[in-house]
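Chains as they are written, first to last, in my numbering: chain A, 1 to 196; chain B, 1 to 196.
Protein chains: 2
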Amino acid sequence: MAAVKTEDLAARLVDEAGRILSAEGAAALSLRRLAAATGTSTMAVYTRFGDKQGLLAAMYRAGFERLGAAMSVAVDGVEDPLSALAELGLAYRRAALANPHLYDLMFGRPVAAFEPDPDAKQVAESAYRPLVDAVRRCMDSGAMVVGDAERVASYLWAVTHGMVSLDLAGQLRGDAAARDAAYTDALVFSSLPFLP
Amino acid sequence: MAAVKTEDLAARLVDEAGRILSAEGAAALSLRRLAAATGTSTMAVYTRFGDKQGLLAAMYRAGFERLGAAMSVAVDGVEDPLSALAELGLAYRRAALANPHLYDLMFGRPVAAFEPDPDAKQVAESAYRPLVDAVRRCMDSGAMVVGDAERVASYLWAVTHGMVSLDLAGQLRGDAAARDAAYTDALVFSSLPFLP
DNA sequence: TGAGTGCGATAACACTGTTATAGTTCGGAC
DNA sequence: GTCCGAACTATAACAGTGTTATCGCACTCA
């Protein structure tokens with residue numbers, strides 16, 4: 001028994017923790033529960049991640065890595081720069097709605113004032129990179145007025161994040177179809193100030 | 001001793017809980033701590049609010065009531081409809097930055113998957129009303145293209161909320177002044193699509 | 001004055017994250 | 001083959017959490 005490499009155990013802990021978080025929320029994610037589900041003891045978390053915060057930080061990193069990957073895939077092969085921008089927006093919402101609790105961990109403080117360490121924030125930056133690149137492509141191709149790409153990207157991100165966040169908090173009225181439509185409208189509105 | 005009416009005790013519990021939440025975050029808000037600070041026992045929370053969720057719901061309500069009041073005051077006496085809209089946006093951010101943890105409670109799920117009950121959401125709606133009114137005034141006065149005021153207000157709210165939320169999560173780069181500027185820029189950008 | 005009733009204080013229960021201790025297992029050296 | 005050393009893990013204990021049952025007090029009303 002115990003034919004599991006230690007490297008795999010760390011990954012399995014993060015995976016299983018993500019599963020519990022997605023399925024039952026932050027309140028259900030206890031170390032005893034996680035240890036039982038992974039077939040080990042709570043000490044595994046402490047030797048691997050230091051404490052629960054370390055585990056959450058690893059989940060935070062994994063979440064942004066997956067988000068960044070999903071965003072990259074979304075624009076892969078899309079020629080038209082404005083279409084690529086729209087695809088990014090749609091992919092962002094899709095990822096958030098597919099795993100709301102993980103989204104909470106990444107963009108809120110669902111558990112005990114968890115503060116990501118600086119190098120974890122670097123990973124968050126990398127998920128933001130495809131958006132900046134897409135905006136820059138729009139400017140280079142003349143689809144957008146030339147300006148500060150970072151600033152524009154930051155604004156576009158705030159719009160998508162705001163819509164998704166209000167949606168998840170139950171603050172947007174209307175059924176699912178109406179909220180879908182409101183989101184695509186928001187994508188259009190957000191880019192209008194920067195079109196030539 | 002004990003010259004405190006029961007009505008006052010409920011209010012004092014909510015007040016003191018808000019103080020602890022603002023000062024030290026959600027992790028520090030325990031019932032024993034709250035009871036000690038208020039000079040009573042944990043049972044007071046259970047007889048008044050049922051359980052901790054009930055206390056959080058009361059705080060949620062109080063937060064939105066204060067937010068709505070702050071928004072109403074912000075537009076009070078402002079004649080120009082577009083200026084009123086801008087004042088609302090600034091007041092919103094001011095309120096959020098003044099009490100980030102309460103903002104988390106209202107727009108996220110900082111503690112144990114707390115779900116506000118429907119009538120508490122009604123209070124949240126009332127805080128949203130001044131914004132819809134301001135948009136409608138813009139449309140009536142010709143400062144904005146006539147359209148669905150609720151939909152436009154929802155979009156404007158998403159922009160402000162998105163900017164504030166990313167700011168609080170530490171996802172916006174730049175110093176305080178730069179983030180202030182980015183916010184006022186965002187207020188301008190957000191209204192551009194609806195100007196005549 | 002006395003009965004009744006609602007409310008708060010106390011203490012216990014099951015749970016949480018964390019840590020100290022002890023045991024187990026695995027690798028390599030003689 | 002045997003033994004040592006060093007990780008790692010399981011177990012159990014500690015302080016703290018939300019919650020609840022029990023008990024006693026105080027206040028109200030007849």
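All residues carry an ideal CB built from backbone N, CA and C; glycine is no exception.
Which of helix, strand or coil DSSP assigns to Asp79 (chain B): The residue labelled residue 79 (chain B) in the question sits at position 79 within the second sequence. Checking the sequence shown, residue 79 (chain B) turns out to be Glu, not Asp. Reduced to three states, the DSSP call for Glu79 (chain B) is coil.
Label Arg19 (chain B) either buried or exposed according to how many other C-beta atoms from any shown protein chain fall within 10 Å of its C-beta, with 16 as the threshold for buried. Your numbering for residue 19 (chain B) matches position 19 in the second sequence. Classification for Arg19 (chain B): exposed.
Reducing DSSP to helix, strand and coil, say where Ser30 (chain B) ends up. For the purposes of this step, residue 30 (chain B) is taken as the residue at position 30 of the second sequence. Ser30 (chain B) falls in the coil class under three-state DSSP.
Would you check if the segment 61 to 69 of chain A and the segment 38 to 51 of chain A touch, i.e. whether three or more CB-CB distances between them fall below 8 Å? no
Using 8 Å as the cut-off, can you tell me whether the segment 180 to 192 of chain B makes contact with the segment 139 to 155 of chain A, which would need three or more C-beta pairs spanning the two stretches below that distance? yes
Are the C-beta atoms of Pro193 (chain B) and some chain A residue less than 7 Å apart? Translated into positions along the second sequence, residue 193 (chain B) becomes position 193. Yes, contact with chain A.
Let me know the alpha helix (DSSP H) ranges lying completely inside the segment 90 to 151 of chain B, each 4 residues or longer, listed in chain order. 100 to 107, 118 to 140
Quick check: what's the CA-CA separation for Val78 (chain B) versus Ala84 (chain B)? Here residue 78 (chain B) is taken as the residue at index 78 of the second sequence, counted from 1. Here residue 84 (chain B) is taken as the residue at index 84 of the second sequence, counted from 1. Cα-Cα distance, rounded: 6 Å.
contact_flag[the segment 14 to 29 of chain B, the segment 169 to 184 of chain A] where n(CB pairs < 8 Å) is 3 or more: no
From Thr40 (chain A) to Arg61 (chain A), what distance separates their C-alpha atoms? Position 40 of the first sequence, counted from the start, is the residue given in the question as residue 40 (chain A). Position 61 of the first sequence, counted from the start, is the residue given in the question as residue 61 (chain A). The alpha-carbon atoms of Thr40 (chain A) and Arg61 (chain A) are separated by roughly 23 Å.
So which of A:Asp133, A:Val159, A:His161 has the shortest CA-CA distance to Asp148 (chain A)? In the first sequence, the residue the question calls residue 148 (chain A) occupies position 148. It is A:Asp133 whose Cα lies nearest to the Cα of Asp148 (chain A).
Beta-carbon of Tyr92 (chain A) versus every beta-carbon of chain B: anything under 7 Å? As a first step, residue 92 (chain A) must be located in the first sequence, where it is residue number 92. No - not a single Cβ of chain B is within 7 Å of the one on Tyr92 (chain A).
How many whole angstroms separate the CB atoms of Thr42 (chain B) and Leu13 (chain B), which I take to be in contact at a CB cut-off of 8 Å? Mapped onto the second sequence, residue 42 (chain B) falls at position 42. Mapped onto the second sequence, residue 13 (chain B) falls at position 13. At roughly 11 Å, the Cβ-Cβ gap does not stay under 8 Å, so Thr42 (chain B) and Leu13 (chain B) are not in contact.
Residue burial classification, Arg32 (chain B) (beta-carbon count within 10 angstroms, cutoff 16): The residue labelled residue 32 (chain B) in the question sits at position 32 within the second sequence. Arg32 (chain B) is exposed by the Cβ-count criterion.
Ends of the alpha helix (DSSP H) at Arg48 (chain B)? Against the second sequence, residue 48 (chain B) aligns to sequence position 48. Residues 43 to 49.
Alpha carbon to alpha carbon, how far is Ala176 (chain B) from Gly54 (chain B)? As a first step, residue 176 (chain B) is located in the second sequence; it is residue number 176 there, counting from the start. As a first step, residue 54 (chain B) is located in the second sequence; it is residue number 54 there, counting from the start. Cα to Cα, Ala176 (chain B) sits roughly 36 Å from Gly54 (chain B).
Would you kindly report the start and end of the unbroken alpha helix (DSSP H) that includes Leu172 (chain B)? As a first step, residue 172 (chain B) must be located in the second sequence, where it is residue number 172. Neither: Leu172 (chain B) is in no alpha helix (DSSP H) and is coded neither H nor E.
Closer than 7 Å at the beta carbon, the chain A residues around Leu172 (chain B): As a working mapping, residue 172 (chain B) is identified with position 172 in the second sequence. Ordered by position in chain A, the residues that pass the 7 Å Cβ test against Leu172 (chain B) are Ser154.
Would you say His161 (chain B) and Leu34 (chain A) are within 7 Å of each other, going by their C-beta atoms? Within the second sequence, numbered from 1, the residue matching residue 161 (chain B) stands at position 161. Within the first sequence, numbered from 1, the residue matching residue 34 (chain A) stands at position 34. For His161 (chain B) and Leu34 (chain A), no; Cβs fall outside 7 Å.
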